[in-house]
Amino acid sequence: MRLAAVALLLCAAAPAGCGGEDVVVQEAPTPQERGVAPPAGGTAREDPLRGTRARPSRMTITVEDVGNKGRFRYRAPATVRGGLVEIRLRNASKAPRKAQLWRIDGDHSVKEALRIRHPQPDWLRTAGGVSLTEPGQTSSTLQALPAGRYYVAAILDTPGIVASFTVTGPRTVPAPPRAPARVEARDFSFRVSGLNAGRNSVDFDNTGAQQHHAYFTPMRAGADIKDVRRFFGRRTSTGTAPVDPELVRETAVLEGRDRQVTQLDLPAGRYALICFVRGRAGGPSHLELGMINEVTVR
Ligand SMILES: [Cu+2]
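In terms of our numbering, the sequence shown is residues 17 to 314.
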């Protein structure tokens with residue numbers, strides 16, 4: 017694995033990724049972006065994420081390249097009706113991207129939030145979002161979005177141009193229903209069940225108190241999980257990587273006691289499942305605290 021990629025991983029859960037100098041705040045969406053509205057009321061519809069009947073609100077986030085130097089920008093509607101929300105990420109850029117949501121409480125600005133690394137103050141919360149999505153693809157997450165001010169940013173990428181938006185409605189909202197596949201993140205381990213080869217709707221359930229994400233990377237033939245742990249644990253790497261960094265599946269970061277149903281496309285094979293997040297205060301990554309599992313998908 018390339019060292020740059022490893023270095024970026026170690027920055028997981030800094031609000032806007034590593035670096036930060038290039039981060040620009042997008043304050044004013046275009047009228048088209050404002051046009052994303054929840055589905056018309058009246059008839060319940062089949063929810064593509066989990067096959068049950070529900071009428072979640074819906075928002076579409078778009079990410080696209082800016083110029084040709086690897087910079088990118090998010091666009092989001094200015095306001096979203098809160099509650100249970102289907103968040104879609106349309107990846108119009110040339111690299112895999114995800115949409116990490118952050119919620120800002122109180123009078124703090126997005127600019128202020130973007131300067132924070134660790135420790136993270138109580139007024140800034142990770143708020144889920146959409147898993148890593150391939151170029152040209154759209155994928156979805158179903159989760160509760162309580163009223164508040166939010167922004168969408170990258171986490172494991174170079175800094176992009178963030179988009180801010182306001183969620184209207186109640187402060188407390190119902191949690192999403194359960195999905196057949198489940199990834200439970202605890203402090204500091206994973207439990208996994210029901211994953212099948214192909215596209216899964218995954219109940220990503222953070223039952224711990226800490227922030228967690230789920231990062232799947234395929235293990236090369238002959239590699240074992242100890243090799244992977246050793247590989248990510250050191251700052252410099254030599255020899256053949258025990259994982260394939262070109263095929264990563266990764267959820268957004270969830271705050272403790274939060275849950276979402278998200279999509280993960282997993283070809284059959286053996287994966288290392290890792291959490292790279294550090295505590296709100298900083299300190300060791302959860303990988304260093306043992307948050308790594310081998311998962312076989314059939
Ligand atoms: Cu974690």
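C-beta atoms are modelled at their ideal positions from N, C-alpha and C, and glycine is treated no differently. Bear in mind the structure is a predicted one, so any value in this text is a computation, not a measurement.
Same chain, Cβ closer than 6 Å to residue i, neighbours up to 5 away in sequence not counted
{"i": "N216", "result": "A197 and L280"}
{"i": "V311", "result": "V208, Y287 and L289"}
{"i": "P137", "result": "none"}
{"i": "G164", "result": "R119 and V183"}
{"i": "H134", "result": "G298"}
{"i": "N309", "result": "F206 and L289"}
{"i": "G145", "result": "A115, Q116, L117 and A268"}
{"i": "R250", "result": "none"}
{"i": "T59", "result": "Confidence is the limiting factor: at T59 the pLDDT is only 35, short of 50, which leaves the residue's position unreliable, though a coordinate-based value still follows. Taken in chain order, the list of residues that qualify is empty."}
{"i": "Q264", "result": "The sequence shown places Val at residue 264, rather than the Gln named in the question. Closer than 6 Å at Cβ, skipping near neighbours: T233."}
{"i": "D260", "result": "P234"}
Terminal residues of the alpha helix (DSSP H) in which residue i lies
{"i": "R207", "result": "No alpha helix (DSSP H) contains R207, which is instead part of the beta strand (DSSP E) from S205 to S209."}
{"i": "L305", "result": "Counting along the chain, L305 falls outside any alpha helix (DSSP H), and DSSP gives it neither H nor E."}
{"i": "I120", "result": "Careful: I120 lies outside any alpha helix (DSSP H), inside the beta strand (DSSP E) at R113 to I120."}
{"i": "E128", "result": "V126 to L130"}
{"i": "V244", "result": "I241 to G249"}
Given residue i as reference, the closest of the options once Cα atoms are compared
{"i": "D274", "options": "E200, L140, S156 and F247", "result": "E200"}
{"i": "Y166", "options": "G122, T154 and R113", "result": "G122"}
{"i": "P193", "options": "A288, M75 and T278", "result": "T278"}
{"i": "A225", "options": "A257, P258, L263 and E271", "result": "E271"}
{"i": "A288", "options": "K242, R314 and G255", "result": "K242"}
{"i": "T76", "options": "Q276, H134, L158 and R245", "result": "L158"}
{"i": "R71", "options": "R97, R87, E80 and F88", "result": "R97"}
{"i": "K127", "options": "A284, L263, G285 and I177", "result": "I177"}
{"i": "G86", "options": "D221, A170 and T154", "result": "A170"}
{"i": "A111", "options": "V168, T223, C291 and E262", "result": "E262"}
{"i": "S73", "options": "Q116, P162 and D260", "result": "P162"}
{"i": "C291", "options": "G255, R202 and A284", "result": "R202"}
{"i": "A179", "options": "L105, T188 and R250", "result": "L105"}
{"i": "A143", "options": "N222, G255, T256 and E304", "result": "N222"}
Beta-carbon contacts of residue i that lie in its chain and below 8 Å, excluding the five residues immediately before and after
{"i": "G306", "result": "F204 and S205"}
{"i": "L140", "result": "P31, W118, R119, I120, D121, H124, A129 and I132"}
{"i": "V293", "result": "A28, A29, Q226, Q227, H228, H229, V269, S301 and H302"}
{"i": "E266", "result": "K114, S147, L148, L172, H229, A230, Y231 and F232"}
{"i": "E80", "result": "F88, R89, R91, A108 and S109"}
{"i": "P190", "result": "G99, L100 and A160"}
{"i": "T256", "result": "R236"}
{"i": "T188", "result": "P162"}
Cβ distance (whole Å) where residue i is taken to contact residue j below 8 Å
{"i": "P6", "j": "G99", "result": "Residue numbering for the chain in the displayed model covers 17 to 314; residue 6 lies beyond these limits and cannot be assessed."}
{"i": "T149", "j": "A108", "result": "With a Cβ gap of about 10 Å, T149 and A108 do not count as contacting."}
{"i": "I103", "j": "S156", "result": "7 Å"}
{"i": "F232", "j": "L282", "result": "7 Å"}
{"i": "A213", "j": "V313", "result": "5 Å"}
{"i": "Q153", "j": "F220", "result": "About 19 Å separates the two Cβ atoms, so there is no contact after all."}
Residue i - containing beta strand (DSSP E), residue span
{"i": "R141", "result": "L140 to T149"}
{"i": "V293", "result": "Segment: none, V293 is in no beta strand (DSSP E) and carries neither H nor E."}
{"i": "R87", "result": "R87 to R91"}
{"i": "V178", "result": "I177 to T184"}
{"i": "G164", "result": "G164 to A169"}
{"i": "G214", "result": "G214 to N222"}
{"i": "A284", "result": "Taken as a continuous stretch (DSSP letters only), A284 belongs to no beta strand (DSSP E), as it is neither H nor E."}
{"i": "A160", "result": "T154 to L161"}
{"i": "G99", "result": "G99 to N107"}
{"i": "P234", "result": "Y231 to P234"}
{"i": "A191", "result": "No beta strand (DSSP E) holds A191; DSSP gives it neither H nor E."}
{"i": "T76", "result": "S73 to V82"}
{"i": "R314", "result": "That residue, R314, is in no beta strand (DSSP E); it is neither H nor E in DSSP."}
{"i": "V199", "result": "A197 to R202"}
7 Å CB neighbourhood of residue i in its chain, flanking five on each side removed
{"i": "G210", "result": "P196, A197 and R198"}
{"i": "P258", "result": "M235, R236, A239, D243, V244 and F247"}
{"i": "G295", "result": "Q226"}
{"i": "T95", "result": "F181, T182 and T184"}
{"i": "G285", "result": "P234 and V313"}
{"i": "E304", "result": "G249"}
beta-carbon residue i near ligand 3 non-hydrogen atom, thresh 7 Å
{"i": "K114", "result": "Ligand 3 is not part of this structure, which contains only ligand 1."}
Cutoff 8 Å: residue i Cβ touching any chain B Cβ
{"i": "A257", "result": "This model lacks chain B altogether, as it is built from one protein chain only."}
Can you list the residues near ligand 1, meaning Cβ strictly closer than 7 Å to any non-hydrogen atom, in the order they appear in the chain? Going along the chain, the residues that qualify are A201, F204, Q226, Q227, H228, H229, C291, V293, H302 and M307.
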